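Participant: This structure is in structure tokens; I'll ask about it shortly.
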Amino acid sequence: MSSKSNNSAKNSNKSQQGYDPKSAARRERMAEARAREVRAEAIRRRIVIGASAVVVAALIGGVAIAIKSGTGHSSTSASSGGSSAPLVVPANAGGPDGTVVTYGKADAAHTLDVYEDFRCPICKKFEESNGPTVQQLADNGTYKIQYHMAAFLDNNLGGKGSITALAAAGAALNQSVDDFKKFHDELYANQPSEETDGYGSVNTILDVAAKVPGLKTDAFVKAVQDGTYLPWAQKVAAAFNSSGVQGTPTMKLDGKQLTLFDGAGNPISAAQYTTLIQQGTGTK
Numbered sequence: 001m002s003s004k005s006n007n008s009a010k011n012s013n014k015s016q017q018g019y020d021p022k023s024a025a026r027r028e029r030m031a032e033a034r035a036r037e038v039r040a041e042a043i044r045r046r047i048v049i050g051a052s053a054v055v056v057a058a059l060i061g062g063v064a065i066a067i068k069s070g071t072g073h074s075s076t077s078a079s080s081g082g083s084s085a086p087l088v089v090p091a092n093a094g095g096p097d098g099t100v101v102t103y104g105k106a107d108a109a110h111t112l113d114v115y116e117d118f119r120c121p122i123c124k125k126f127e128e129s130n131g132p133t134v135q136q137l138a139d140n141g142t143y144k145i146q147y148h149m150a151a152f153l154d155n156n157l158g159g160k161g162s163i164t165a166l167a168a169a170g171a172a173l174n175q176s177v178d179d180f181k182k183f184h185d186e187l188y189a190n191q192p193s194e195e196t197d198g199y200g201s202v203n204t205i206l207d208v209a210a211k212v213p214g215l216k217t218d219a220f221v222k223a224v225q226d227g228t229y230l231p232w233a234q235k236v237a238a239a240f241n242s243s244g245v246q247g248t249p250t251m252k253l254d255g256k257q258l259t260l261f262d263g264a265g266n267p268i269s270a271a272q273y274t275t276l277i278q279q280g281t282g283t284k
């Protein structure tokens, strides 16, 4: 049968079947949505598989909740800065070699160690459900928070979003711990899709910083653009890699790891988190 005959037959079939352009458009949209889902799944599989020696700490819908690459961070630059730049430790940094950020009352009787990666989508999910409660318990003196930040997802996914965001957080920390905490919260609230390396862009980072009142000073902008705290960020990421923690998010209360997700892979509720802390601190 000729091409012309084929086309005639197809048109005839469409007429007989009541061809609906809206249905065709709907099918096209569904196909596009499915294609996006396939791309997202490919990214998630890369999170799970990643570089060598990736450890899966838990699963959510077949996707890793918390993972850690066995390799160190290899990215050296977010803008004009790089690993050859001098190490500048932010004011207000603490812990071994200034790699820890402490939020809360210094004399709090208990310590909550928090291990996160700014590019981690599951960290974002936990922050959305529990972030305000985690902060409230620090603000009322139940514990102080010690942040240990990672950048392993740059290795697993490619790009430099984790290390760029961490370096910018160093610039915020240099201004104050409160600025760091507010910026930390905004980075998770505005976290780009896991399909992209949105935080690899300094401009994107600065757009997020603009959401924190008073943060985007000339000194902050220059530090972010120049990559002033990139060597520090790499040192912080290396400290995470050496910590023995197997992934993000991880929380330890006085050294004891907390269970942050239920059996279905969903974050525990704020009430459940509060109960965990009360049990751990002996206040319940």
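Numbering-wise (full-length UniProt numbering), the sequence shown opens with residue 1 and increments by one. We put the CB at the ideal spot given by N, CA and C, even for glycine. Nothing here was measured: the structure is a model prediction, and the numbers come from that model.
Taking only beta-carbon positions, decide if K105 is within less than 8 Å of chain C.
Facilitator: Absence of chain C from the displayed structure is noted, only one protein chain being present.
Participant: Quick check on the burial criterion: 16 or more other C-beta atoms within 10 angstroms. Buried or exposed for N203?
Facilitator: It counts as exposed.
Participant: Thinking C-alpha only, which one of A237, T250 and I268 is nearest P96?
Facilitator: For P96, the nearest C-alpha among the options comes from A237.
Participant: Taking only three categories from DSSP, how would you classify K256?
Facilitator: Residue state, collapsed to three classes: strand.
Participant: On the three-state DSSP scale, how would you describe V202?
Facilitator: Helix.
Participant: Name the one or two DSSP bridge partners that F240 has.
Facilitator: Answer is none; F240 lacks a bridge partner.
Participant: May I ask which residues mark the beginning and end of the alpha helix (DSSP H) holding I277?
Facilitator: From DSSP, the alpha helix (DSSP H) with I277 extends over A270 to T281.
Participant: Starting from the C-beta of G98, find all residues in its chain whose C-beta is less than 6 Å away, skip the five residues before and the five after it, and write them out in chain order.
Facilitator: Hits under 6 Å: V89.
Participant: Which one of G214, E195, V208 and T217 has the shortest CA to CA distance from A189?
Facilitator: If we check each option's Cα against that of A189, V208 comes out closest.
Participant: Go ahead and label V63 buried or exposed: buried means 16 or more other beta carbons lie within 10 angstroms of its beta carbon, across all protein chains shown.
Facilitator: The predicted model places V63 with a pLDDT of 34, which falls under 50 and marks its position as unreliable, so this point remains unresolved.
Participant: At the level of alpha carbons, what is the spacing between D20 and M251?
Facilitator: Computed Cα separation, rounded: 54 Å.
Participant: When we look at the beta-carbon of T283 and count the other beta-carbons within 10 Å, is it buried (16 or more) or exposed?
Facilitator: The residue is exposed, with fewer than 16 neighbouring Cβ atoms inside 10 Å.
Participant: Can you tell me whether S75 is buried or exposed? The criterion is at least 16 other CB atoms within 10 Å of its CB, across all chains shown.
Facilitator: Residue confidence is low: S75 scores 40 on pLDDT, short of 50, so the model does not pin down where it sits. Its coordinate-derived value is still stated next. Counting Cβ neighbours within 10 Å, S75 comes out buried, since at least 16 surround it.
Participant: For T274, does the count of other Cβ atoms within 10 angstroms reach 16, so buried, or fall short, so exposed?
Facilitator: Buried: at least 16 other Cβ atoms inside 10 Å.
Participant: Using the beta-carbon count (16 or more within 10 Å), is S52 buried or exposed?
Facilitator: A caution first: S52 carries a pLDDT of 32, below 50, which makes its placement in the model too unreliable to give a value.
Participant: Would you say F220 and A165 are within 8 Å of each other, going by their C-beta atoms?
Facilitator: No.
Participant: In three-state DSSP terms, what is residue 291?
Facilitator: For residue 291 there is no data in the structure shown, the boundaries of the chain being 1 and 284.
Participant: Between the C-alpha atoms of S80 and I163, what's the straight-line distance to the nearest angstrom?
Facilitator: No answer about S80 holds up, because its pLDDT of 37 lies below 50 and its placement is not dependable.
Participant: Taking Cβ to Cβ, would you say Y143 is nearer than 8 Å to L112?
Facilitator: Yes.
Participant: Take the Cβ of E194 as the centre, count every other Cβ of all protein chains shown within 10 Å, and call the residue buried at 16 or more, exposed below.
Facilitator: Per the 10 Å Cβ criterion, buried.
Participant: Go to H148, then tell me how far its beta strand (DSSP E) extends in each direction, as first and last residue.
Facilitator: Looking at the DSSP string, the run of the beta strand (DSSP E) that includes H148 is K144 to A150.
Participant: Could you tell me the distance, in whole angstroms, from the CA atom of Y199 to the CA atom of D154?
Facilitator: Distance between the alpha carbons of Y199 and D154 is about 11 Å.
Participant: Taking the alpha carbon of H148 as the point to measure from, which residue in G214, A85 and T248 has its own alpha carbon closest?
Facilitator: Residue T248 is the option with its Cα nearest to H148.
Participant: Bridge partners of V100, per DSSP?
Facilitator: V100 is bridged to G94.
Participant: Closer than 7 Å by C-beta to H184: which residues in its own chain qualify, once you throw out the five before and the five after it? Chain order, please.
Facilitator: Within the same chain, H184 has close Cβ partners A169.
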